[in-house]
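If you use our numbering, the sequence shown corresponds to residues 1 to 316, in order. Think of the CB as a built atom: it goes at the ideal place given N, C-alpha and C, for glycine as much as any other residue.
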Amino acid sequence: MIPRRTVPGGPRFLPWCLCSMQRAARCRTGWGAALERGQAQQSHIIDVAAPNLPRMNNYLLGGKDHYPADRRACEQLLRIVPQARDVAQAAHRFLLRATSHLVREHRIRQFLVFGAGLPTRIGVHQIAQSINARCRVVYADNDPLVLTHARALWEQPRRTLVLQAGPEQAPELLLDPAAGVVIDLALPLAVLFVSALQTIPAHAGPQEVLERTAGMLAPGSLVAASHLVSEDPDVQQEAGALLREAAGGRWGQVRSRDEVEPLFRSLRPVAPGLVEVSRWRPSGDRTAGGDRRWAEYGGVAMVQPGDVPEGAWLFS
(Lines of atoms letter the chains of each structure in order from A and count residues from 1; the text may use other names and numbers.)
(Lines give C-alpha, C1' and ligand atoms only; values in the text may rest on other atoms or scores of the structure.)
Protein backbone atom coordinates (compact mmCIF):
# COMPACT_ATOMS: atom_id res chain seq x y z
CA MET A 1 0.00 0.00 0.00
CA ILE A 2 1.32 3.44 -0.93
CA PRO A 3 1.47 5.64 2.17
CA ARG A 4 -0.29 8.97 2.22
CA ARG A 5 1.95 11.92 1.52
CA THR A 6 1.49 15.42 2.79
CA VAL A 7 3.10 18.79 2.27
CA PRO A 8 3.36 20.79 5.52
CA GLY A 9 0.52 23.24 5.75
CA GLY A 10 -1.15 21.86 2.64
CA PRO A 11 -3.79 19.31 1.62
CA ARG A 12 -3.25 15.58 1.76
CA PHE A 13 -2.31 13.84 -1.49
CA LEU A 14 -3.86 10.37 -1.49
CA PRO A 15 -2.77 7.35 -3.50
CA TRP A 16 -5.45 8.07 -6.10
CA CYS A 17 -3.47 11.14 -7.18
CA LEU A 18 -0.57 8.93 -8.17
CA CYS A 19 -2.89 6.46 -9.90
CA SER A 20 -4.57 9.33 -11.72
CA MET A 21 -1.24 10.58 -13.05
CA GLN A 22 -0.45 7.09 -14.28
CA ARG A 23 -3.86 6.85 -15.93
CA ALA A 24 -3.41 10.29 -17.48
CA ALA A 25 -0.04 9.26 -18.87
CA ARG A 26 -1.72 6.38 -20.69
CA CYS A 27 -4.07 8.78 -22.53
CA ARG A 28 -3.23 9.38 -26.18
CA THR A 29 -4.16 13.06 -26.28
CA GLY A 30 -4.22 16.20 -24.15
CA TRP A 31 -2.37 16.49 -20.86
CA GLY A 32 -1.93 12.72 -20.55
CA ALA A 33 0.09 12.69 -23.77
CA ALA A 34 2.10 15.70 -22.60
CA LEU A 35 2.90 13.92 -19.35
CA GLU A 36 3.92 10.81 -21.27
CA ARG A 37 6.23 12.86 -23.51
CA GLY A 38 7.78 14.53 -20.46
CA GLN A 39 6.30 17.96 -21.32
CA ALA A 40 4.18 18.08 -18.13
CA GLN A 41 6.12 17.37 -14.96
CA GLN A 42 4.79 16.09 -11.65
CA SER A 43 6.53 19.05 -9.99
CA HIS A 44 4.12 21.33 -11.85
CA ILE A 45 1.22 19.56 -10.20
CA ILE A 46 2.38 20.05 -6.62
CA ASP A 47 4.15 23.41 -6.90
CA VAL A 48 3.25 25.09 -3.63
CA ALA A 49 5.68 28.00 -3.71
CA ALA A 50 3.40 30.37 -5.65
CA PRO A 51 -0.35 31.00 -5.45
CA ASN A 52 -2.53 29.09 -7.86
CA LEU A 53 -5.90 30.40 -9.05
CA PRO A 54 -7.88 27.12 -8.73
CA ARG A 55 -6.50 26.56 -5.23
CA MET A 56 -7.33 30.15 -4.27
CA ASN A 57 -10.89 29.65 -5.48
CA ASN A 58 -11.05 26.41 -3.51
CA TYR A 59 -10.03 28.35 -0.39
CA LEU A 60 -12.67 31.02 -0.99
CA LEU A 61 -15.30 28.28 -1.42
CA GLY A 62 -14.35 26.73 1.92
CA GLY A 63 -12.44 23.77 0.47
CA LYS A 64 -9.27 22.10 1.77
CA ASP A 65 -7.11 21.84 -1.36
CA HIS A 66 -4.85 24.86 -0.84
CA TYR A 67 -1.48 25.84 0.60
CA PRO A 68 -0.04 28.76 2.59
CA ALA A 69 0.86 30.67 -0.60
CA ASP A 70 -2.74 30.37 -1.79
CA ARG A 71 -4.13 31.47 1.55
CA ARG A 72 -1.80 34.46 1.71
CA ALA A 73 -2.86 35.53 -1.80
CA CYS A 74 -6.52 35.16 -0.84
CA GLU A 75 -6.04 37.26 2.27
CA GLN A 76 -4.37 39.89 0.09
CA LEU A 77 -7.32 39.75 -2.31
CA LEU A 78 -9.77 40.04 0.59
CA ARG A 79 -7.95 43.16 1.79
CA ILE A 80 -8.47 44.67 -1.67
CA VAL A 81 -12.07 43.43 -2.02
CA PRO A 82 -13.60 42.07 1.21
CA GLN A 83 -16.52 40.78 -0.91
CA ALA A 84 -14.31 38.26 -2.76
CA ARG A 85 -15.44 35.25 -0.72
CA ASP A 86 -19.13 36.12 -1.14
CA VAL A 87 -18.67 36.67 -4.87
CA ALA A 88 -16.90 33.32 -5.32
CA GLN A 89 -19.71 31.59 -3.44
CA ALA A 90 -22.36 33.42 -5.47
CA ALA A 91 -20.72 32.41 -8.75
CA HIS A 92 -20.57 28.75 -7.70
CA ARG A 93 -24.20 28.79 -6.60
CA PHE A 94 -25.15 30.40 -9.93
CA LEU A 95 -23.37 27.56 -11.74
CA LEU A 96 -25.40 24.97 -9.83
CA ARG A 97 -28.72 26.80 -10.23
CA ALA A 98 -28.12 27.29 -13.94
CA THR A 99 -27.31 23.60 -14.36
CA SER A 100 -30.52 22.55 -12.61
CA HIS A 101 -32.53 25.03 -14.67
CA LEU A 102 -31.01 23.80 -17.94
CA VAL A 103 -31.85 20.17 -17.19
CA ARG A 104 -35.32 20.75 -15.76
CA GLU A 105 -36.63 23.56 -17.95
CA HIS A 106 -34.73 23.13 -21.23
CA ARG A 107 -34.26 19.35 -21.18
CA ILE A 108 -30.52 19.68 -21.73
CA ARG A 109 -28.76 16.33 -21.42
CA GLN A 110 -25.15 17.23 -22.28
CA PHE A 111 -22.81 19.89 -20.91
CA LEU A 112 -19.40 21.35 -21.71
CA VAL A 113 -18.01 23.16 -18.64
CA PHE A 114 -15.01 25.53 -18.85
CA GLY A 115 -12.94 26.57 -15.85
CA ALA A 116 -13.86 23.36 -14.01
CA GLY A 117 -11.68 24.22 -11.01
CA LEU A 118 -10.73 21.81 -8.24
CA PRO A 119 -13.51 19.33 -7.46
CA THR A 120 -16.09 20.62 -5.03
CA ARG A 121 -18.53 18.63 -2.94
CA ILE A 122 -21.19 19.14 -5.64
CA GLY A 123 -20.32 19.63 -9.31
CA VAL A 124 -22.23 20.12 -12.55
CA HIS A 125 -22.37 16.39 -13.34
CA GLN A 126 -23.74 15.56 -9.90
CA ILE A 127 -26.53 18.12 -10.19
CA ALA A 128 -27.38 17.17 -13.78
CA GLN A 129 -27.21 13.39 -13.31
CA SER A 130 -29.22 13.53 -10.08
CA ILE A 131 -32.07 15.02 -12.13
CA ASN A 132 -31.60 12.84 -15.19
CA ALA A 133 -29.15 9.95 -15.13
CA ARG A 134 -28.67 10.21 -18.92
CA CYS A 135 -26.89 13.57 -18.65
CA ARG A 136 -23.29 13.66 -19.90
CA VAL A 137 -20.66 16.23 -18.91
CA VAL A 138 -17.27 17.24 -20.30
CA TYR A 139 -15.17 19.39 -17.97
CA ALA A 140 -12.36 21.49 -19.47
CA ASP A 141 -9.50 23.18 -17.63
CA ASN A 142 -5.86 23.95 -18.42
CA ASP A 143 -4.45 23.61 -14.90
CA PRO A 144 -2.55 20.31 -14.36
CA LEU A 145 -3.57 20.06 -10.70
CA VAL A 146 -7.24 20.46 -11.59
CA LEU A 147 -6.91 17.82 -14.31
CA THR A 148 -5.33 15.33 -11.92
CA HIS A 149 -7.92 15.79 -9.18
CA ALA A 150 -10.93 15.97 -11.51
CA ARG A 151 -9.90 12.87 -13.48
CA ALA A 152 -9.44 10.92 -10.25
CA LEU A 153 -12.71 12.00 -8.63
CA TRP A 154 -15.14 12.81 -11.42
CA GLU A 155 -14.47 10.77 -14.56
CA GLN A 156 -16.96 8.03 -15.50
CA PRO A 157 -16.76 6.19 -18.84
CA ARG A 158 -18.98 7.87 -21.48
CA ARG A 159 -20.74 9.95 -18.80
CA THR A 160 -18.18 12.38 -17.33
CA LEU A 161 -14.91 13.33 -19.02
CA VAL A 162 -12.13 15.78 -18.11
CA LEU A 163 -10.09 17.38 -20.93
CA GLN A 164 -7.34 19.98 -21.09
CA ALA A 165 -8.48 23.26 -22.64
CA GLY A 166 -9.03 26.89 -21.71
CA PRO A 167 -12.26 28.76 -22.46
CA GLU A 168 -10.63 30.54 -25.41
CA GLN A 169 -10.29 27.08 -27.01
CA ALA A 170 -14.01 26.29 -26.85
CA PRO A 171 -14.64 26.20 -30.63
CA GLU A 172 -11.67 23.87 -31.13
CA LEU A 173 -12.65 21.60 -28.24
CA LEU A 174 -16.16 21.19 -29.65
CA LEU A 175 -14.56 19.53 -32.69
CA ASP A 176 -12.10 17.42 -30.70
CA PRO A 177 -12.76 13.68 -31.18
CA ALA A 178 -12.04 13.14 -27.48
CA ALA A 179 -15.00 15.39 -26.54
CA GLY A 180 -17.11 13.65 -29.19
CA VAL A 181 -16.97 10.45 -27.16
CA VAL A 182 -19.31 12.10 -24.63
CA ILE A 183 -21.11 14.96 -26.45
CA ASP A 184 -22.95 15.05 -29.77
CA LEU A 185 -22.96 18.38 -31.60
CA ALA A 186 -26.09 17.36 -33.50
CA LEU A 187 -28.06 17.53 -30.24
CA PRO A 188 -28.75 20.46 -27.88
CA LEU A 189 -25.75 21.21 -25.67
CA ALA A 190 -25.14 23.63 -22.81
CA VAL A 191 -21.72 25.32 -22.77
CA LEU A 192 -20.85 26.90 -19.42
CA PHE A 193 -18.36 29.77 -19.09
CA VAL A 194 -19.22 30.64 -15.48
CA SER A 195 -16.40 32.65 -13.85
CA ALA A 196 -14.40 32.09 -17.03
CA LEU A 197 -14.85 35.12 -19.30
CA GLN A 198 -12.34 37.24 -17.35
CA THR A 199 -9.68 34.56 -17.89
CA ILE A 200 -9.87 34.79 -21.71
CA PRO A 201 -6.86 36.82 -22.92
CA ALA A 202 -7.72 40.04 -24.73
CA HIS A 203 -6.09 38.83 -27.95
CA ALA A 204 -8.48 35.84 -28.01
CA GLY A 205 -11.52 38.11 -27.70
CA PRO A 206 -14.22 36.99 -25.22
CA GLN A 207 -16.97 38.22 -27.54
CA GLU A 208 -15.53 36.30 -30.48
CA VAL A 209 -15.19 33.13 -28.38
CA LEU A 210 -18.81 33.33 -27.29
CA GLU A 211 -20.14 34.05 -30.76
CA ARG A 212 -18.05 31.37 -32.49
CA THR A 213 -19.07 28.83 -29.86
CA ALA A 214 -22.77 29.63 -30.15
CA GLY A 215 -22.55 29.50 -33.94
CA MET A 216 -21.44 25.87 -33.75
CA LEU A 217 -24.26 24.65 -31.50
CA ALA A 218 -27.42 22.80 -32.49
CA PRO A 219 -30.83 24.52 -32.17
CA GLY A 220 -32.06 24.38 -28.59
CA SER A 221 -28.55 24.71 -27.18
CA LEU A 222 -27.69 27.17 -24.43
CA VAL A 223 -24.71 29.13 -23.13
CA ALA A 224 -24.21 30.26 -19.52
CA ALA A 225 -21.53 32.89 -18.96
CA SER A 226 -20.34 35.28 -16.28
CA HIS A 227 -17.54 37.81 -15.81
CA LEU A 228 -15.90 39.47 -12.80
CA VAL A 229 -16.70 43.19 -12.76
CA SER A 230 -15.62 46.24 -10.79
CA GLU A 231 -16.50 49.90 -11.15
CA ASP A 232 -13.31 50.93 -9.32
CA PRO A 233 -10.29 51.30 -11.68
CA ASP A 234 -7.85 50.85 -8.77
CA VAL A 235 -9.53 47.57 -7.82
CA GLN A 236 -9.48 46.42 -11.44
CA GLN A 237 -5.75 47.05 -11.64
CA GLU A 238 -4.67 45.78 -8.21
CA ALA A 239 -6.91 42.72 -8.00
CA GLY A 240 -6.36 41.95 -11.66
CA ALA A 241 -2.57 41.90 -11.22
CA LEU A 242 -2.88 39.53 -8.25
CA LEU A 243 -5.18 37.15 -10.14
CA ARG A 244 -3.06 37.28 -13.29
CA GLU A 245 -0.05 36.13 -11.28
CA ALA A 246 -2.06 33.32 -9.67
CA ALA A 247 -3.30 32.25 -13.11
CA GLY A 248 0.25 31.95 -14.39
CA GLY A 249 -0.39 34.70 -16.92
CA ARG A 250 -3.40 32.91 -18.48
CA TRP A 251 -5.69 35.81 -17.74
CA GLY A 252 -7.72 38.52 -19.40
CA GLN A 253 -8.90 41.34 -17.18
CA VAL A 254 -11.48 42.53 -14.68
CA ARG A 255 -13.84 44.89 -16.49
CA SER A 256 -16.57 47.34 -15.57
CA ARG A 257 -20.17 46.47 -16.40
CA ASP A 258 -20.07 49.03 -19.20
CA GLU A 259 -17.07 47.21 -20.64
CA VAL A 260 -18.67 43.78 -20.25
CA GLU A 261 -22.00 44.57 -21.85
CA PRO A 262 -20.53 45.10 -25.36
CA LEU A 263 -19.25 41.51 -25.19
CA PHE A 264 -22.93 40.56 -25.34
CA ARG A 265 -23.98 43.14 -27.95
CA SER A 266 -25.50 40.49 -30.23
CA LEU A 267 -27.90 39.43 -27.46
CA ARG A 268 -31.57 40.15 -26.91
CA PRO A 269 -31.85 39.84 -23.13
CA VAL A 270 -34.87 38.10 -21.60
CA ALA A 271 -35.60 38.49 -17.90
CA PRO A 272 -33.64 38.37 -15.76
CA GLY A 273 -31.06 39.08 -18.49
CA LEU A 274 -27.50 40.00 -17.64
CA VAL A 275 -27.45 40.49 -13.87
CA GLU A 276 -25.32 40.17 -10.76
CA VAL A 277 -25.32 36.38 -10.50
CA SER A 278 -26.83 36.09 -7.02
CA ARG A 279 -29.94 37.70 -8.57
CA TRP A 280 -30.25 35.16 -11.39
CA ARG A 281 -33.35 33.07 -10.55
CA PRO A 282 -32.36 32.90 -6.87
CA SER A 283 -35.52 31.14 -5.66
CA GLY A 284 -34.71 30.14 -2.07
CA ASP A 285 -30.96 30.63 -2.50
CA ARG A 286 -29.91 33.38 -0.08
CA THR A 287 -26.25 33.58 -1.13
CA ALA A 288 -24.85 37.10 -0.71
CA GLY A 289 -23.67 38.83 -3.85
CA GLY A 290 -21.20 41.56 -4.67
CA ASP A 291 -21.40 45.32 -5.10
CA ARG A 292 -20.00 48.02 -7.37
CA ARG A 293 -16.42 47.35 -6.28
CA TRP A 294 -16.51 43.57 -6.91
CA ALA A 295 -19.19 41.32 -8.39
CA GLU A 296 -19.88 38.53 -10.88
CA TYR A 297 -22.10 39.54 -13.79
CA GLY A 298 -23.77 36.94 -16.02
CA GLY A 299 -26.75 35.03 -17.33
CA VAL A 300 -27.94 32.16 -19.51
CA ALA A 301 -28.44 32.28 -23.28
CA MET A 302 -30.43 30.13 -25.69
CA VAL A 303 -29.66 29.44 -29.34
CA GLN A 304 -33.00 29.34 -31.15
CA PRO A 305 -33.64 27.83 -34.62
CA GLY A 306 -34.36 30.25 -37.42
CA ASP A 307 -33.89 33.25 -35.18
CA VAL A 308 -30.14 33.43 -34.69
CA PRO A 309 -27.66 34.26 -37.44
CA GLU A 310 -24.39 32.34 -37.33
CA GLY A 311 -22.30 33.64 -34.45
CA ALA A 312 -25.16 35.17 -32.46
CA TRP A 313 -26.83 34.00 -29.24
CA LEU A 314 -29.78 34.99 -27.08
CA PHE A 315 -30.39 35.31 -23.36
CA SER A 316 -33.10 33.16 -21.80
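Taking C-beta atoms under 8 Å as the contact rule, Val48 and Ala73 fail to qualify, at a distance of about 12 Å. In chain order, His66, Asp70, Arg71, Cys74 place their CB closer than 7 Å to the CB of Tyr59, counting only its own chain and leaving out the 5 sequence neighbours on each side.
Where Arg244 is concerned, there is no enclosing beta strand (DSSP E), although the alpha helix (DSSP H) around it starts and stops at 233 to 246. Per DSSP, the beta bridge partners of Ser226 are Gly298. Counting the other CB atoms within 10 Å of its CB gives Ala84 a total of 16 or more, which places it among the buried residues. The residue from Gly166, Leu210, Ser221 with its alpha-carbon nearest to that of Leu187 is Ser221. Closest option to His203, judged by alpha-carbon separation, among Cys135, Gly290, Gly299, Arg250: Arg250.
Of Gln156, Glu261, Ser283, the smallest CA-CA separation from Gly273 is found for Glu261.
If you draw a straight line from the Cα of His106 to the Cα of Ile127, it is about 15 Å long. In the DSSP assignment, Val254 falls outside any beta strand (DSSP E), carrying neither H nor E.
Inclusion of Val194 and Ala224 in the CB contact set at 7 Å is warranted, their separation being smaller than that value. CA-CA distance, His149 to Arg265, rounds to 37 Å. Of Gln89, Ala98, Asn52, Asn132, the smallest CA-CA separation from Arg109 is found for Asn132. Taking C-beta separations shorter than 7 Å and ignoring five residues to either side along the sequence, the partners of Gln76 in its chain run Leu242, following chain order. Per DSSP, the unbroken beta strand (DSSP E) holding Arg136 starts and ends at 136 to 141.
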